[in-house]
Amino acid sequence: MSAVSGIEVPKLEWRSVAKRFARAPVLDGLDLAVAPGRSLVLIGGSGQGKSVTLKIALGLMQPDAGQVLLDGVNVTALSENERRPLFSRIGMLFQGAALFDSLTIWENVAFRLVHSDGIPRREARERAIAAMHLVRLSPDVAQLYPGEMSGGMQKRVGLARAIVGQPDILFFDEPTTGLDPITAAAIDELIVDKVRSLGCTAVSITHDLASARTIADEVAMLYQGRIVWRGPVRELDTTENPYVRQFVGGSSQGPIDANV
Amino acid sequence: MAAAVGRVAHFAGRGLHAAVTPRWFPQQILRQLGAIGFLSLPVVGMTAWFTGAALALNIYSSGDRFNAEQVMAQIVALGITRELGPVLAALMLAGRVAAAIASEIGAMRATEQIDAMVTLSTDPFRYLIAPRLIAAIIALPLLTLVADIIGVAGGWQVAIHMLGTSPQIYIANTADFLTAWDVESGLIKAAVFGFIVGLMGCYHGMTAVGGARGVGRATTQAVVSSAILILAADYLLTSLFTRL
Amino acid sequence: MRRHWGETAMGFVVLALAAVFLLWSLAVARAGRTGGGYQVSAKFGDVGGLQPGAKVSLAGVKVGSVSSVRVDPKTFLAVVQLSLDGDVHVPSDSTAKVTSDGLLGGAHVALTPGGAEDDLKPGGEISNTQGSVDLFGLIGQFIRPHGGNTPAAVSSASGADSSSPASSSAGAAASGY
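Protein chains in written order, with our numbering: chain A, 848 to 1107; chain B, 10 to 253; chain C, 581 to 757.
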């Protein structure tokens, strides 16, 4: 896991990924790899392309150039049909939880089981309740609708939905944004706990440095379409890298152009 | 413009492919049938009644008294089954259903629910879009059938009260003049219109961008484009049918 | 659907109303045609716009309707199928005439009973027919007598097997002008 990481096949890798939208290049030669079982947090300013990086990894967006490799296999150009089976190994927690409004909580959590895996509803419900238990949601809320829950609880449901299929990789898009510090800390704890106990690889995006410090093994910083720094989380505060120093310090002075 | 047509055609192709090949989500199809079909009955029923009655009133006031009994029954029956039934039911559905579909799917797009569905190994075209297309194609002919019946009834009411026609004579005249093809051609039109309504709702919903305002725009576009395509298709189908 | 209970209830009401009306209409339509209707045919020289669905009347009472109107490609006559009510019987030598209610009324077929003892059978043919009279042609004779129509041409224009006295006297009057 540490010294032999050069030989080990990364769980997930971006190679020279480039993407541009109408106005400007968003990703410009992105190279990043995540070793199995490690938790990587991607930090960077708003609009720097963190979400795009995630979406390209998931195949929700196609890169203009470069490759994405999953367990060493190039998955960039797969069609939707070919990609679908891969998703059984992936779980994602979206920024707003992205729960299905017209379904109950347990139906949301069990969605994959019922509609993709063809598991009977009764069994799926039980597994959903078990997943909810892992994120400390009581079975009482199983019959509620997403609209009836707070943002923090919705995120927990989203997490339960992401882990119910026993994934290898978990993605987190701004998991603590918009939550109060206490709820944010609770979510962070849950993420750390699940990633450890399930042995998942995790890739997260966040602005929240406190959250990053909690959930990350490693941190990478994205600026102008490239990775400008990569290191273990404890070096976040000690590194000399000017981009990191400016970002962590929250200053408008430095190499990062604050007028985006 | 050509690019837009191309995009819609591509979308339509994907939707149809998802609709006719396994795997299907029967529960979703049934739910959509209820939402699109059954819940549109009141609107369609009222539209049909008033249209049939208005049509009969127009004939009455146009002064053709010689054959008024026959003519009124004939014109109402033919007008409703061939044109007004399918077209007006479809336009009502465009307003009600295309808007509802576009706003629902648009909102799902905006809140990343569509992306979430993909990450949950479920094809949104099969789970969301195909059921709506199938339901619309099935529901609109059925609704048109109801519209035909109620439209004739509306004209019948006018005939009884304005002309003093005997209720039975009006019905007998209607039955004499109406052919199966009149009703069938209307139902074929309705199936095409149903496809249009479902397609426009889904397409504009899926391609909505820009948050709440984008969803609003998508909803309006779905209704307007449905209406225009329905009327254009009506013209094409009518000219095709009247040549047969 | 439970959340839209109002609309669901209305939906059921609409369906119920439509069903009731439909069933009643079918019953009325069926009653209007007493069981055992049968088809007979008739050939005309000129049906003058007779449409399928037009009524067939006897002594001014509707006894059936026109099922189809076709042209026989060999004889160039219009072949009309008449659908008569089951309880109506006409002598086999009856006449079928294409006529209309007034100037603007639609064309329909009027039957005049003959004197034969046996009745017209299902599938039989009415041999005495009179096609529609070209009303406007006749009026034209009076208005423009030198319009180039000879009396012979006028009678053949009416296309009747039995020429009516009216047309030949109009022609005679025209040429005598």
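Heads up, the beta-carbon is just placed ideally off N, CA and C, and yes, glycines get one too.
Residue-level contact by beta carbon fails for B:Asp191 and chain C, as no gap is shorter than 9 angstroms. For A:Asp1015, the three-state secondary structure derived from DSSP is coil.
The contact set of B:Glu121 on chain A, defined by CB atoms closer than 8 angstroms, consists of Phe941, Gln942, Gly943 and Ala945 in chain order. With respect to the C-alpha of B:Thr174, the residue from B:Tyr69, B:Val233 and B:Met10 having the closest C-alpha is B:Tyr69. Note on A:Gln1013: under 16 other CB atoms within 10 angstroms of its CB, so exposed under the neighbour-count rule. Per the coordinates, the alpha-carbon of C:Thr709 lies some 6 angstroms from the alpha-carbon of C:Lys677. Counting only runs of at least 4 residues, the stretch 929 to 977 of chain A fully encloses the following alpha helix (DSSP H) elements, listed from N- to C-terminal order: 952 to 956.
Look at A:Val1039 here: in three-state DSSP terms it is helix.
Not one beta carbon of chain A lies nearer than 9 angstroms to the beta carbon of B:Met215. Contact of B:Phe34 with chain C is not assigned, every C-beta pair being separated by 9 angstroms or more. Residue C:His669 holds the alpha-carbon nearest to the alpha-carbon of C:Ala696 among C:Val660, C:His669, C:Leu718 and C:Pro702. Residue state for A:Val881 is assigned as strand, using DSSP reduced to three classes.
For the stretch 27 to 51 of chain B, residues whose beta-carbon sits nearer than 7 angstroms to a beta-carbon of chain C comprise Gly43, Phe47, Leu48, Leu50 and Pro51. When only Cα atoms are considered, A:Gly884 and A:Glu1065 end up about 11 angstroms apart. Judged by beta-carbon spacing, A:Val873 lies within the 9 angstroms limit of A:Val899, meaning their Cβ atoms are closer than that value. For A:Trp1076, DSSP records a beta bridge to A:Met1068.
Close partners of B:Phe186 in chain C (Cβ separation under 7 angstroms): Gly633. Interface flag for A:Asp964 against chain B is set, since a Cβ pair is found closer than 9 angstroms. Taken through DSSP and simplified to helix, strand or coil, C:Gln710 comes out as strand.
Think of a sphere of 7 angstroms around the beta carbon of A:Ile937: the chain B residues whose beta carbon falls inside it are Thr128, in chain order. B:Tyr136 reaches chain A at His962, counting residues in chain order whose Cβ is nearer than 9 angstroms. When C-beta distances to chain B are compared with 9 angstroms, every residue of the stretch 699 to 723 of chain C stays at or above that value. Residues Pro95 and Leu246 of the same chain have their beta carbon placed closer than 6 angstroms to that of B:Lys198, with the five preceding and five following residues left out of the count. A Cβ-Cβ contact shorter than 9 angstroms links B:Ala242 with B:Phe202. Interface with chain C (9 angstroms Cβ-Cβ cutoff): B:Gln230 is excluded. With contact defined as three or more Cβ pairs closer than 8 angstroms, the stretch 124 to 139 of chain B and the stretch 949 to 967 of chain A are in contact.
For A:Gly913, no Cβ of chain B is located within less than 9 angstroms of the residue's own Cβ.
DSSP places A:Ile1052 inside the beta strand (DSSP E), whose first and last residues are Thr1048 to Ile1052.
Following the DSSP letters along the chain, one finds A:Tyr992 in no beta strand (DSSP E), marked with neither H nor E. Taking 7 angstroms as the Cβ-Cβ cut-off, the stretch 142 to 171 of chain B approaches chain C at Val155, Ile158, Ile159 and Ala162, given in chain order.
Counting C-beta pairs closer than 8 angstroms gives three or more between the stretch 987 to 1006 of chain A and the stretch 945 to 952 of chain A, which meets the contact rule. Taking all protein chains in view, the Cβ of B:Ser49 is crowded by 16 or more other Cβ atoms within 10 Å, so the residue is classified as buried.
The bridge partners DSSP lists for A:Asp1020 are A:Ile1052. In this structure, the beta-carbon distance from C:Ser647 to B:Ala184 does not fall below 9 angstroms. The shortest C-alpha to C-alpha distance from A:Ala944 to any of A:Pro1089, A:Ala1057, A:Gln1093 and A:Ile1034 is the one to A:Ile1034. In this structure, the CA atom of C:Leu664 is about 12 angstroms from the CA atom of C:Ala622.
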